[in-house]
Structure formats: structure tokens, C-alpha cells
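The structure appears below as C-alpha cells.
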Amino acid sequence: FPDGKKRVITVFADPEESASHFHSLVDLKSLLGPLPPVHVAWITNRMLEAAFYTHKAGVVNLGITPSQVLVNPEFHFLQFSFWGGTSQISEKGKIIDSSNQKYYAPEILDGLPVSTSADIYMIARCAVFLLTKDPVPGEVLPSDPLGESGVPRPIAKFLEACLNKNPRIRPQDAGQLREDFGTILER
């Protein structure tokens, strides 16, 4: 971590499972196309849970892009594969992969201090990637990315709140978001 302290971050993966059982979100979508909301729900829940523990340690990941999130669909395990962009909360975020800029929260792109909401933006952006026909590389996120995707409106509204361009308005608490998302899914 940037401050040199060692921290333990829970990764939702069974150490007995080999890396060959994990697939990036890019690979998963390449194989299957846009995923049904039920599959995106468990992936989003796992990302929010991993972010919650990261944030609890006082840091933000800032590397949550479809190529850096690995999942094991059979066992519903997830891990973030890249931690190079990790920053302490309130420090300026940095772009670590210019080919994935469209997944970065606006405050990272603008070189502003980051909060936990930056990771939440990136998680929601990954969910939109899985649910929809993704914009071509370099294209900005459409203003209504879920409008014609067939995604249930409560899920779309949840993700839209997480994609608010203003980090002060965007949700901050990944643990609470996970609970809220679970409530939405139960309805």
C-alpha cells in the first residue's frame, strides 16, 4: 500500500482453486455476450463486498476494470487482480491503465482526491459493461446506458446512482450498497 503498511484484504477465492478457473469479465462477456441480470447481481455483490473490506482498510483500489476483475462462475468466487492503482482515501487518484479510462471515475480522470465512491463508480461501470452492449473503446458512457437493455428498472436506477458524475452525491459505503442491492434483488 502507498503508506508502506501491510494490510490483509479478504479475497473471495478458494486457495485450492487454480487460477485457470478464473476468467476476467472481458473474457466472460466475450464468451457469453451481455449477461442476464441474475449473473451480474452475484458478480456486483462480490465486487461490493471486496471493496467494502478494502475501504475498511482505509484505501481505494482504483483498478476495478473488466480486465482486472476475475471470477469463477462455478463457485461464485471473485478477486481483483490488480492493486497497482491503490491509493489512500483523500489522495489524488492516478490512471494506471489508459486503455481502460472509460471505467475510471471522473475524479480520477480529473486528478482530484478520491474517496470510496471512486471504486463504487468503477464497480457500477463493470456491471453496465456486463449487462449491455458496451460502447466501443474510447467512447464515453452513454447518458442512459441501461435504457434499452431490458435490465429491470430498480437495478438500472441503483447503477445510475452509482454512476453519478459528482462523487459527493454518489454512494460511499460499499457495505450498505451491497445490502441495498440485496433488497432490490429480493423484490
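For the sequence shown, my numbering begins at 7 and goes up steadily by one.
Virtual Cβ for every residue (Gly too), placed ideally from N, Cα, C.
None of the values given here were measured: they were computed from a predicted structure.
**OP:** Taking the CB atoms as reference points, tell me whether residue 74 and residue 123 lie closer together than 8 Å.
**Re:** Against a cut-off of 8 Å, the Cβ pair of residue 123 and residue 74 comes out as no contact.
**OP:** Can you tell me which of the three DSSP states residue 85 falls into?
**Re:** strand
Original post:
Under the rule that 16 or more other beta-carbon atoms within 10 Å means buried, what is residue 134, buried or exposed?
Top reply: Residue 134 comes out buried.
Subject >> residue 35 classed as buried or exposed, judged by whether at least 16 other C-beta atoms fall within 10 angstroms >> reply: buried
Subject >> Sequence-distant residues of the same chain with beta carbon closer than 6 Å to residue 192, five excluded per side >> reply: In its chain, beyond the 5 residues on either side, no residue has a beta carbon closer than 6 Å to the beta carbon of residue 192.
Original post:
CA-CA distance, residue 246 and residue 119?
Top reply: Lying before the first or after the last residue shown, residue 246 is absent from the chain, which here runs from 7 to 193.
Original post:
With a CB to CB cut of under 7 Å and the five nearest residues on each side skipped, what residues in its chain are close to residue 127?
Top reply: 111, 168, 169 and 176
Original post:
Grouping DSSP H, G and I as helix and E and B as strand, with all else coil, what is residue 120?
Top reply: coil
Original post:
Roughly how many angstroms separate the alpha carbons of residue 44 and residue 64, rounded to a whole number?
Top reply: 31 Å
Subject >> Nonlocal neighbours in the same chain, by C-beta distance under 8 Å from residue 48, ignoring five residues either side >> reply: 82
**OP:** Using three-state DSSP, classify residue 139 as helix, strand or coil.
**Re:** coil
Original post:
First and last residue of the beta strand (DSSP E) that includes residue 76?
Top reply: Start and end: 75 to 78.
Subject >> Spatial neighbours of residue 181 in its chain, beta-carbon cut-off 7 Å, leaving aside the 5 residues before and after >> reply: 58
Original post:
Going along the chain, which residues of its own chain have a beta-carbon closer than 8 Å to the beta-carbon of residue 171, five neighbours each way excluded?
Top reply: 112
**OP:** Could you check the C-alpha separation between residue 121 and residue 174 for me, to the nearest Å?
**Re:** 9 Å
Original post:
Relative to the C-alpha of residue 105, which residue among 71, 80 and 137 is closest?
Top reply: 71
Subject >> Whole-angstrom distance between residue 186 and residue 163, CA atom to CA atom >> reply: If you take the alpha carbons of residue 163 and residue 186, they lie about 12 Å apart.
Subject >> Of the listed residues 40, 85 and 103, nearest to residue 6 (C-alpha basis) >> reply: Nothing about residue 6 can be reported from this structure: the residues present for the chain run from 7 to 193 only.
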